[in-house]
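Let me begin by presenting the structure, written as C-alpha cells, before commenting on it.
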Amino acid sequence: MRLYDTLARELKELRPLDGRTFRFYCCGPTVYGPAHIGNFRTFVLQDVFRRCLETGGIRSFHVRNITDVDDKTIRDSQAAGKSLRDFTAFWTERFHADCAALGLLPPHVEPGAIDHIAQQVEMIQTLIAKGHAYASEDGSVYFNIASFPGYGKLSRLDERDLAIGKTQNTRASSDEYEKDSLADFVLWKARKPEDGENFWPSPWGEGRPGWHLECSAMIQEYLGSDFDLHSGGVDLVFPHHENEIAQSCCACGGHFAAHWFHIAHLLVDGGKMSKSIGNLYTLEDLAAKGFGAMEVRYVLIGAHYRKPLNFTLDSLGAAREALAKLAKGARALAAKAPAESRFDEVDFGPFQAAWDSLNDDLNTPGCLGGLFTGLRDAAKLEGEDAAKALAAFNRVLRAIGLTLPEEEAVHEVPASIRAVAEERWAARCAKDWAKADSMRQQLTELGWNMKDGKEGYELTPVA
Ligand code: AMP
Ligand code: ZN
19 MRLYDTLARE LKELRPLDGR TFRFYCCGPT VYGPAHIGNF RTFVLQDVFR RCLETGGIRS
79 FHVRNITDVD DKTIRDSQAA GKSLRDFTAF WTERFHADCA ALGLLPPHVE PGAIDHIAQQ
139 VEMIQTLIAK GHAYASEDGS VYFNIASFPG YGKLSRLDER DLAIGKTQNT RASSDEYEKD
199 SLADFVLWKA RKPEDGENFW PSPWGEGRPG WHLECSAMIQ EYLGSDFDLH SGGVDLVFPH
259 HENEIAQSCC ACGGHFAAHW FHIAHLLVDG GKMSKSIGNL YTLEDLAAKG FGAMEVRYVL
319 IGAHYRKPLN FTLDSLGAAR EALAKLAKGA RALAAKAPAE SRFDEVDFGP FQAAWDSLND
379 DLNTPGCLGG LFTGLRDAAK LEGEDAAKAL AAFNRVLRAI GLTLPEEEAV HEVPASIRAV
439 AEERWAARCA KDWAKADSMR QQLTELGWNM KDGKEGYELT PVA
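Each residue of the sequence shown is one higher than the last, beginning at 19 in this note's numbering.
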C-alpha cells in the first residue's frame, strides 16, 4: 500500500518496521462534548486505513488516546459542576457509541491522559535534564524550541517565513495557538485558581501537564521511540505534531513516527463548522433529520482524504441512494450464486480496480466508483463465478467499513385498506382535515399506519 507522507512530501510504500505488525498512533478526541462529523472524517479515514492494511494481510496495532486533561475539559467540567473524571467519562462513552454506529474498529489501546500524569512528569524531568526545557518564575515549565534543530520540519517553518531566532522569550501557555505564532510551548502549567481541583504534585509545584505532552508520553509507553505511523487532522500538523516530535525526539532519542498521515478538513457549506453559525453537525443532529450513520460514513469517504470535503445535507440523500444501489447489485449477485459455494480466498476479480484504488494513497472515491463498475461487470456472471465476485465485493466493502441496508420489507396492502387510504388521501388533498384525521384513526384501528409525503402516502402495519 502506498500513502502520502506529510513529512517526506511523497508517496511511500508502507511496511511494518518490525516486519510483523504495523504499529500506529492517532490523536484521539477531546472529550468535552459530542464529536462532530468533521472529527469523524478523520477517525473514519483512519479506520479505512487500518481495515485496508488488515484486508491486505498486514496485522495492525492501533493506539488512540482520549484527551481528558486540557484547557477545554477542565473549563467545561467545572462549569458542569462535575469531577473531571466523571465529566470526561460521560463524553467518552458517547464517543464510543458514535464510533460503533459508524462502524469504527475500536483501537487496541485507548489510553487517557489523566491516567498517565506520572509518565508526563517523568518526561519533563528528562527534558530539563537534557537542556531542552526550563522552569519559569511561576512554576510552569516550557520547551525551548531553539534547543531542537529539527523543530519546524514537519510544518515547514522556513516556507512560512518563521525563524526560531525571533522567538526569544516568547512563550505560549495555552494548549492551542495560531499557525503563525512561534513560541516555546508549555509542558507543565502551574496551578491556577480556575483549574479548581484539577492539579497534581510535581517537582515544580502543583499544576498539570500541557496538552501536547500527553501524546508523547503515551506513545513512549505503548509504541516506544520508533513506530510506523502517526495520524490526525491537518490542524494538528502545527503546533501539536511539531511539538510532539520535539518532546519525543529530545526526551527519548529515536526517530518517532516513520510516516505522517494527515486528513484534510471537512467543511460545511464551504466554510468552517461552527456552533455559532449553527452548521456544526453531530451524528445525533443528522439522525434527527432522518439520516443514519452509514450514510454519514459514505459521505465522509466520498472524497479523497487530502482534499477538503464540503459537506451538504443533499450529499446524505445521494449517499442513501448509492447505498441502496450497491445493496441491490449485491442481492442480484447473491441470487445467482449457489447456496453452497466453497472456494478458498479468491482474487478481487471485477473488484480489482476498487481494491487497487484503496492501495493507491487511500483513494476512497476511486474505490466507490470501482464498486459500481465492478457490479456492472459482474452482472453477467453466473453460478460459482457470481459467488466469487460476491465474496470479492464483500471483501472490499469490509475494507471501507460499509454495511449495506437490508432490503425494505414490501407490505402487501389489502384492497379494502387501500380503498380507505385512497379516500383519506383525497380528503387530505381537499384540505378536509377533520375527515383526514378521523380516517387516519380508522386506519390505525384497522392495523395500518399512514404516512403522508409530498407526492403520496405510505402504508405500514402498526408494529
Ligand atoms: P479534537 O477532538 O478537537 O481533539 O479533534 C479530534 C480529531 O478531529 C483531530 O484529529 C482533529 O485534527 C480532527 N478534526 C477536527 N476538526 C476537523 C474537521 N473539520 N475535519 C476533519 N478533521 C477534523
Ligand atoms: Zn497528539
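Every residue, glycine too, gets a C-beta built ideally from N, C-alpha and C.
Fair warning: this is a prediction, and the values are worked out from it, not measured in the lab.
Quick check on the contact list: which residues have their beta carbon closer than 6 Å to a heavy atom of the ligand ZN?
Shown in chain order are the residues whose CB sits closer than 6 Å to a heavy atom of the ligand ZN: CYS45, CYS233, HIS258, GLU262.
Taking only heavy atoms of the ligand AMP into account, decide whether any of them is closer than 6 Å to the Cβ of HIS283. Distances between the C-beta of HIS283 and the heavy atoms of the ligand AMP include at least one below 6 Å.
Just to check, is the beta-carbon of GLY251 closer than 6 Å to a non-hydrogen atom of the ligand AMP? Taking non-hydrogen atoms of the ligand AMP into account, the C-beta of GLY251 is found less than 6 Å away from one of them.
Nearest candidate by alpha-carbon position, reference SER78, set TRP206, MET291, PHE67: When the alpha-carbon of SER78 is set against those of TRP206, MET291, PHE67, the nearest one is in PHE67.
- Where the beta strand (DSSP E) through PRO227 begins and ends: Under the DSSP assignment, PRO227 falls in the beta strand (DSSP E) whose first and last residues are 225-227.
ask   = For THR73 versus ALA417, is the C-beta distance shorter than 7 Å?
value = Contact check for THR73 against ALA417 passes: the beta carbons are separated by less than 7 Å.
Start and end of the beta strand (DSSP E) containing ALA208? Counted as a single uninterrupted DSSP element, the beta strand (DSSP E) harbouring ALA208 occupies residues 202-208.
- request: Scan the region 213-278 and note each continuous alpha helix (DSSP H) run of 4 residues or more that stays entirely inside, going in chain order.
  value: Restricting attention to alpha helix (DSSP H) runs no shorter than 4 residues, the region 213-278 encloses them at 229-240, 260-270, ordered along the chain.
What are the start and end residues of the alpha helix (DSSP H) that includes PRO383?
-> Per DSSP, PRO383 belongs to the alpha helix (DSSP H) from 382-396.
Practice problem: Enumerate in chain order the residues of its own chain whose CB-to-CB distance from SER154 is below 7 Å, with the five nearest sequence positions on each side excluded. | Solution: Cβ within range, chain order: TYR160.
Item checked: Beta-carbon spacing of GLU463, LYS469 below 7 Å -> The Cβ atoms of GLU463 and LYS469 do not sit closer than 7 Å to each other.
Checklist entry - Are GLY228 and PHE217 close, meaning C-beta to C-beta below 7 Å? => result In this structure, PHE217 does not lie closer than 7 Å to GLY228 by Cβ.
Inset, instruction - Going by CA-CA distance only, name the one from PRO34, LYS354, HIS80 that's closest to CYS45. - result: The candidate whose alpha carbon is nearest that of CYS45 is HIS80.
Requested in this report: Identify which residue in LEU63, ALA119, SER243, VAL49 has its Cα closest to the Cα of LEU301.
Outcome: Ranking the options by Cα distance to LEU301, first place goes to ALA119.
| message | Since ALA269 and LEU145 should fall inside the 8 Å C-beta cutoff, what is the C-beta to C-beta distance between them, to a whole number of angstroms? | response | Confirmed, Cβ separation roughly 5 Å.
Considering only the alpha carbon of each residue, which of LEU254, GLY367, GLU232, GLU28 lies closest to GLU128?
Checked all of LEU254, GLY367, GLU232, GLU28; the closest Cα to GLU128 is GLU232.
Residues bridged to PHE361 [DSSP beta-bridge criterion]: According to DSSP, which records beta bridges pairwise, PHE361 is partnered with nothing at all.
Check whether the Cβ of LEU254 sits closer than 6 Å to any heavy atom of the ligand AMP, and report yes or no. Yes, the beta carbon of LEU254 sits closer than 6 Å to at least one heavy atom of the ligand AMP.
For this session: Return the Cβ separation of GLY347 and ALA371 in integer angstroms, given the expectation that the two are a contact with Cβ distance under 8 Å.
Result: Contact between GLY347 and ALA371 is ruled out by a C-beta separation of about 15 Å, above the 8 Å threshold.
Between which two residues does the beta strand (DSSP E) containing MET468 stretch? It spans 466-470 - the beta strand (DSSP E) in which MET468 sits, taken as one unbroken run.
Query raised in the report: Quick one, which of ASN57, ALA147, TYR50, THR48 has its alpha-carbon nearest HIS280's?
Result: Considering only alpha carbons, the answer is ASN57.
I'd like to check one pair, SER249 with GLY272: are the Cβ atoms closer than 7 Å? At a Cβ-Cβ threshold of 7 Å, GLY272 and SER249 do not count as neighbours.
Continuous beta strand (DSSP E) stretch holding SER78: start and end
First-last of the beta strand (DSSP E) with SER78: 77-82.
Which partner residues of THR48 appear in the DSSP bridge assignment?
Looking at the DSSP assignment, THR48 forms a beta bridge with THR85.
Legend entry - DSSP three-state assignment for ILE281, whether helix, strand or coil: The DSSP-derived three-state label of ILE281 is strand.
Practice problem: Assign GLY17 to one of two classes, buried (16 or more other C-beta atoms within 10 Å of its C-beta) or exposed (fewer than that). | Solution: One cannot answer for residue 17 here, as it falls past the ends of the chain, which runs 19 to 481.
Where do the N-terminal and C-terminal ends of the beta strand (DSSP E) with ARG349 fall, by residue?
First-last for ARG349: 331-354, but that is the alpha helix (DSSP H), not the beta strand (DSSP E).
Checklist entry - Would you say the beta carbon of THR382 comes nearer than 6 Å to a heavy atom of the ligand AMP? => result THR382 Cβ: outside cutoff for every heavy atom of the ligand AMP.
Practice prompt. Ignore the nearest five residues each way along the sequence and tell me which others in GLY223's own chain have a CB closer than 8 Å to its CB.
Written response: Closer than 8 Å at Cβ, skipping near neighbours: GLY157, ALA208, ARG209.
Top-ranked residue by Cα proximity to ALA192, from SER220, ARG103, LEU205, ALA397: Before going further, note that residue 192 is Ser rather than Ala in the sequence given. The residue with the shortest Cα to Cα distance from SER192 is LEU205.
Fill in: Where ALA107 sits in the DSSP three-state scheme
In this structure, ALA107 counts as helix in the three-state DSSP scheme.
Problem set entry | Bridge partner(s) assigned by DSSP for LEU477 | The secondary-structure analysis by DSSP pairs LEU477 across a beta bridge with MET468.
Nearest to ASN412 (by Cα), restricted to the options LYS449, GLN143, TRP373
Nearest to ASN412 by alpha-carbon distance, out of LYS449, GLN143, TRP373, is TRP373.
- [ ] Pull up the DSSP beta-bridge partners for VAL159, would you.
- [x] Paired residue(s): ALA153, TRP206.
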